[in-house]
Amino acid sequence: MRRLIVAATAALTVLGGAASAQESIKIGYIDPLSGGGASVGEGGLKTFQYLADELNAKGGILGHKVEIVPLDNKTNPQESLVQAQKAVDAGVHYITQGNGSSVGAALEDFVTKHNSRNPGKEVLYFNYAAVDPSMTNEKCSYWHFRWDANSDIKMEALTNYMKGQPTIKKVYLINMDYSFGQSVRTAARKMLGEKRPDIQVVGDELHPMLKVTDFSPYIAKIKASGADTVVTGNWGQDFALLLKAAADAGLKVNWYTYYAGGAGGPTAIKQTGLEGQVFQISEGVPNSGNKAAMDFEKDFRAKTGISVWYPRAVNEMRMFKAAAEKANSIDPVKVAAALEGMKFDVFDGGEGFMRKDDHQFFQPIYISSFGSLADKTKEPFDEENTGWGWHIVSKIDTAQTMLPTTCNMKRP
Amino acid sequence: MAELIVISTLNGVLFGMLLFLLSSGLTVIFSMMGVLNFAHASFYMLGAFFGFQLTRWIGFWPALVIAPLLVGVVGMGVERYGLRNTHKHGHVAELLLTFGLAFAIEEIVSMIWGKSPVDYRVPAALDFPAFTVFSTNYPAYKIFMLVVSVVIFIALLVTLKRTRVGLIVQAALTHPSMVGHLGHNVGRVFMLVFGVGSGLAGLAGVIAGPSLVTQSDMAALLGPILFVVIVFGGLGSLPGAFIASLLIGLIQTFAVALNGSLASVFGPLDPSLGPSPLTDIWNVTIAQIAPILPYLLLVLVLIFRPMGLLGTRES
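Quick note, the sequences are listed as chains A and B, same order. According to our numbering, the first sequence is numbered sequentially starting from 1. According to our numbering, the second sequence is numbered sequentially starting from 413.
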């Protein structure tokens, strides 16, 4: 009798498993696929589709296939809410977004409200790149998880590095005019003031987001200010076009950036001849020296034609799988609980963890500079066929990236 | 400072001339047909994409000639088979037609070439710094754009003022029925003017494409500014459009270069007031409001001089 029950339970489990394997896990990818943000949005989509294929090739998550649902938000918060609602109506329980903290804040608010009104139909928001600090501080939400280091963490690391560069005398700040750009400039002013009071901030510019097609007026202004260093959080076409205008005008300064590696950036840097003068802060670098990551990079480039621009997306998807397996469920509520405080070996090596207090992921981050690669066997990857690639100049361990949070998390 | 002024003036004049290439066609079409062509910026976009595609196939220089001609033909087709047929239903119908056309063109372009920017590059022959002012390079391609715009401007002026065709066009602007009674084919004049206007917009697209960004939202980015130019210059006035284009080009470029804010003129607000919307307004720089300045100008012109700078009628 007992054996019969065991057999029956086993059969039921198998059947249940088979039934649920039919149902795929849909991840709503809400990012710009048209307009000024399209170049980064399409790169992100390719990355997530590649990652979904990788998971599916190994049996998916708990037997469920992973499916990416692309939704074009035109980098517009309003449009994003429409798309999020559309996704939820189509049975999506996980949404992911990265480009634009203005969009990120709107989605964070959306999932919080949606989940409190629709118990049992919870939606999680996996954020892979919207780095406005407020999203894990005063506006934090239990339903939001962020895999990218927030803007303040990055600026802290960047200014720690700049502190040791005596050639920096005059700094120019240029950023996109929205929450993220504003937090970059505020943090840069504050941290530079504390660490290197001798540095003069000779310009502090905010320009319209993803609307400027010719940056030469801004470049003329940077030139006139006599700056030797520019600090910018610009991304997508706002970085590529900024550098393109700088290349045209022959502006030779050091660039400390968040997103110099985005589409068009490397080409413009090479064109300007800024060897070793453009720095980027990121959670991963193609030439990291980590074997698994570099094998991944090679295969990724062969299949998609672009570089791994989002190691954090790799962390996000792999950690999602790990959390679902830990919870033994794909129910968003259980996955969220499993993610809290979870430790994880990140893409480029080292251990990161999802802090329970604010759902911010902490991981080793790197400062790298762009230029010709000395040793092609150790650093085989160049960018956009320029022959130049990223070279790590500084590594910041997880422990040094921990900033306090003001988040007062409301738990369900 | 002198450096900033020289470079900003160059950039401003360049942007102004580009605006003029576009607005000249728009303003002439308006005064002839009494219709604001909402699809005008779409012809500019078509020019850029045709230029990109033809550059791929046959090189930049042939594309520079062929692409604007193609756009001109498309424009003539729109006039002949679209606007002429809707004309009898009044201006609203014509307006709606161009409005719909603008959306249709944008969708078609993004269907064919995708929604992200295409790789339309400056031709190698022009990819070098033309000269250096105060250690700033000025790209040769921008000088080329400037030369093309100036040549077109002069050609347009000579055609309109010194030739028989120009005479008929000018007459048709103000007295279309009288020109018709004199035996001229007004319909054909309209079609040609529409074609030339769209062709000029196309040319602007071909030369602006490599310098700015060629993508499916470029029409939407530039379109509104064009209306500012022609309203500011005076509807239907070519010299007005010229002055307005240059002025708006310069205003936008110089506004970016300026750092002034209310706080820098009158001093910072008393900190005891604390952060409020007022402090935001107080601290905002001219550079930050640069993009809205043309529209502010539009509103002011409409209030204080509705006929525009050199316009003759109030419409």
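Ideal placement from N, C-alpha and C gives every residue a C-beta, glycine not left out.
What residues from chain A crowd round residue i, counting only those whose CB sits closer than 7 Å?
i	result
B:L416	A220, K221 and A224
B:V545	Correct list: empty, because the minimum Cβ distance to chain A is about 10 Å.
B:S420	P217 and A220
B:M413	A224
Run down chain A in chain order and give the residues with a C-beta less than 8 Å from the C-beta of residue i.
i	result
B:A613	Within 8 Å Cβ-Cβ: nothing; B:A613 doesn't reach chain A, min ~17 Å.
B:T665	P217
B:S522	S34
Can you name the residues of chain B whose CB is closer than 9 Å to the CB of residue i?
i	result
A:T257	Under the 9 Å cutoff, chain B gives no residues; its nearest Cβ is about 20 Å from A:T257.
For residue i, which residues in chain B fall below 7 Å Cβ to Cβ?
i	result
A:T386	Neighbours of A:T386 on chain B: none; closest Cβ ~14 Å, over 7 Å.
A:G250	P541, T548 and N549
A:G236	Residues of chain B passing the Cβ test: none, with the nearest at roughly 10 Å.
Which residues in chain B sit within 8 Å of residue i, going by Cβ to Cβ distance?
i	result
A:T213	L624, V625, M630 and L633
A:E42	S528
A:L242	Ordered by position in chain B, no residue passes the 8 Å Cβ test against A:L242, which lies about 12 Å from the chain.
For residue i, which residues of its own chain have a beta-carbon under 6 Å away from its beta-carbon, when the five flanking residues on both sides are left out?
i	result
B:F462	A479 and L482
A:K223	L251
B:G424	G661, L662 and T665
A:L12	Residue confidence is low: A:L12 scores 46 on pLDDT, short of 50, so the model does not pin down where it sits. Its coordinate-derived value is still stated next. Within the same chain, A:L12 has no close Cβ partners at all.
B:L572	G578
B:N695	S673 and A675
B:A537	none
A:Y172	V202, G203, I222, S225, A227 and V230
A:M1	Note that A:M1 scores a pLDDT of 47, beneath 50, so its modelled location is shaky and nothing firm can be said.
Could you name the residues of chain A that residue i contacts, counting a contact when the two beta carbons are closer than 9 Å?
i	result
B:N423	D214, S216, P217 and A220
B:L669	Contrary to the premise, residue 669 of chain B reads as Ala rather than Leu in this sequence. Correct list: P217, Y218, A220, K221 and A224.
CA-CA distance, residue i and residue j?
i	j	result
A:A157	A:T401	7 Å
B:V563	B:T575	17 Å
B:V618	A:K65	47 Å
B:H499	B:I441	14 Å
B:L638	B:S435	6 Å
B:G484	B:L495	15 Å
B:G607	B:G487	5 Å
A:S225	B:A414	12 Å
A:M209	B:H596	51 Å
B:L569	B:A656	16 Å
A:D198	B:V560	48 Å
A:V202	A:M319	43 Å
B:L438	A:G100	36 Å
A:E325	A:G60	11 Å
B:Q627	B:G502	34 Å
A:D375	A:F381	11 Å
A:F347	A:L81	31 Å
A:H114	A:Q85	9 Å
B:G646	B:M719	6 Å
B:T697	B:V668	9 Å
Please go through the same chain and pick out, in chain order, the residues whose beta-carbon is closer than 7 Å to the beta-carbon of residue i, but skip the five residues on each side of it.
i	result
A:S369	G276, V278, F279, H391 and V393
B:V598	A584, P588, V591 and G592
A:G273	none
A:I153	T401 and L403
A:V253	A227, D228, T229 and V230
Here's a check: name, in chain order, each residue in its chain whose Cβ is nearer than 8 Å to the Cβ of residue i, leaving out the five neighbours to either side.
i	result
B:F450	L507, T510, F511, L513, A514 and G635
A:K163	K195 and R196
A:A249	S216, I219, A220 and K223
Runs of beta strand (DSSP E) lying entirely within the segment 270-294 of chain A, each at least 3 residues, in chain order: If only complete runs of 3 or more residues are kept, the segment 270-294 of chain A shows the beta strand (DSSP E) at 278-282, in order along the chain.
Along the segment 191-207 of chain A, where does the CB come closer than 7 Å to a CB of chain B? Name the residues. Residues E205 and L206.
With 7 Å as the limit, tell me which residues of the segment 161-184 of chain A have their beta carbon closer than that to any beta carbon of chain B; keep them in chain order. Taking 7 Å as the cut-off between beta carbons, the residues of the segment 161-184 of chain A near chain B are D177, in sequence order.
Tell me which residues of the segment 693-726 of chain B have at least one Cβ-Cβ distance to chain A shorter than 7 Å, keeping chain order. Result list: A699, Q700 and P703.
Identify each residue in the segment 21-39 of chain A for which the Cβ-Cβ distance to at least one residue of chain B is less than 8 Å, and report them in chain order. Contact residues of the segment 21-39 of chain A toward chain B are L33, S34, G35, G36, A38 and S39 (C-beta to C-beta distance below 8 Å).
Which runs of the alpha helix (DSSP H) at least 4 residues long sit entirely within the segment 61-117 of chain A? Give them in chain order. The segment 61-117 of chain A contains these whole alpha helix (DSSP H) runs: 77-89 and 101-117.
4-residue-minimum alpha helix (DSSP H) runs that sit fully inside the segment 575-624 of chain B, ordered along the chain: Listed in chain order, the complete alpha helix (DSSP H) runs (minimum 4 residues) inside the segment 575-624 of chain B are 576-586, 588-593 and 598-623.
Whole runs of the beta strand (DSSP E) within the segment 498-556 of chain B, excluding any shorter than 3 residues: The qualifying runs are 541-545 and 548-551.
What are the uninterrupted segments assigned as beta strand (DSSP E) that are 3 or more residues long and contained completely in the segment 109-174 of chain A, given in chain order? As far as the segment 109-174 of chain A is concerned, its whole beta strand (DSSP E) runs of at least 3 residues are 124-127 and 144-146.
Give the list of continuous beta strand (DSSP E) stretches no shorter than 3 residues that lie fully inside the segment 458-503 of chain B. Counting whole runs of 3 or more residues, the segment 458-503 of chain B contains no beta strand (DSSP E) stretch at all.
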